[in-house]
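Written out below as structure tokens is the structure these notes cover.
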Amino acid sequence: MSSENLTIHPDANTAFMVWQQHRLPLRRPQLAGLDDYYRPVLRLCMLDKDSYQFFNNFARIDEVMRFEDSWRQPCLIALESRHDIKRLAWCEVLSLSRFAGVNHPALFQAIYKNASKQLICELMGVPRLTVSNYCHFAGISRSSYEYQQCKVACDETLLGLPKNMNWMNGRHG
5 MSSENLTIHP DANTAFMVWQ QHRLPLRRPQ LAGLDDYYRP VLRLCMLDKD
55 SYQFFNNFAR IDEVMRFEDS WRQPCLIALE SRHDIKRLAW CEVLSLSRFA
105 GVNHPALFQA IYKNASKQLI CELMGVPRLT VSNYCHFAGI SRSSYEYQQC
155 KVACDETLLG LPKNMNWMNG RHG
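Numbering (my numbering), first residue to last: 5 to 177.
Given below as structure tokens:
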């Protein structure tokens with residue numbers, strides 16, 4: 005296994021993109037110094053004889069790609085179950101809702117736009133994908149979600165130059 009023959013599984017690609025956009029730069033203990041077989045197992049699918057695809061454990065894959073020079077990793081080569089691959093990939097995204105500092109409105113919108121509603125409802129254990137159900141799952145209050153939504157909207161209006169540029173034509177004494 006190397007960075008040349010390890011890619012994202014196509015069924016997990018959208019979830020991986022959402023995870024990358026909303027993950028937080030967390031300081032994790034470096035596992036590079038551990039004996040090879042004490043590291044967490046990576047679940048992979050075999051694409052062909054020399055190519056592998058990952059579909060979950062995105063943070064661990066990120067660590068391996070960026071920090072570890074030894075590619076001897078304990079791996080479990082899984083038979084491809086597309087439904088399970090999608091479930092595991094979107095579990096990675098939903099786990100971001102538990103981190104402090106995550107932008108919940110943006111994460112919810114990304115999940116709502118990119119994931120299968122039925123799959124997300126199944127993973128969250130809710131009948132419908134609503135803001136209230138997301139807040140309950142994420143362990144935040146609805147007012148916290150709305151405050152964060154308003155704060156982001158206010159911050160966006162304060163950034164940059166005004167849209168009306170007439171002030172440039174005025175004379176100043």
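Heads up, the beta-carbon is just placed ideally off N, CA and C, and yes, glycines get one too.
Proximal residues to residue i (C-beta, below 8 Å), its chain only, five neighbours per side dropped
i      : result
Met172 : No answer about Met172 holds up, because its pLDDT of 49 lies below 50 and its placement is not dependable.
Whole-Å CB distance - residue i paired with residue j, under 8 Å assumed
i      : j     : result
Phe141 : Leu92 : That belief does not hold up - the Cβ atoms of Phe141 and Leu92 are roughly 17 Å apart, past 8 Å.
Inter-residue spacing [alpha-carbon to alpha-carbon] between residue i and residue j
i      : j      : result
Gln153 : Ser55  : 42 Å
Ala104 : Cys49  : 32 Å
Val97  : Phe71  : 22 Å
Ala82  : Arg146 : 39 Å
Gln113 : Cys79  : 33 Å
Arg43  : Gln77  : 7 Å
Asn9   : Leu123 : 29 Å
His87  : Glu126 : 12 Å
Leu46  : Phe20  : 15 Å
Lys178 : Ile115 : Here the chain covers residues 5 to 177 and nothing more, so residue 178 does not appear.
Counted within 10 angstroms of its Cβ, other Cβ atoms place residue i as buried (16 or more) or exposed
i      : result
Lys121 : exposed
His13  : buried
Ser101 : buried
Asp15  : buried
Pro109 : buried
Gln25  : exposed
Leu28  : exposed
Pro18  : Here residue 18 is Thr; the residue named in the question, Pro, does not match the sequence. That one is buried.
Lys90  : buried
Other residues of its chain near residue i: CB distance less than 7 Å, five sequence neighbours each side excluded
i      : result
Asn137 : Met128, Val130
Leu111 : His26, Leu100, Ser101
Residues near residue i by beta carbon distance below 6 Å, same chain, minus five either side
i      : result
Ala119 : Trp94
Thr11  : Gln57
Cys22  : The amino acid occupying residue 22 in the given sequence is Val; Cys does not appear at that position. Val97, Ala114, Asn118.
With a floor of 3 residues, list each beta strand (DSSP E) that falls wholly inside the segment 68 to 93, ordered by position along the chain.
79 to 81
For a minimum of 3 consecutive residues, which ranges assigned as the beta strand (DSSP E) are wholly contained in the segment 95 to 158?
none
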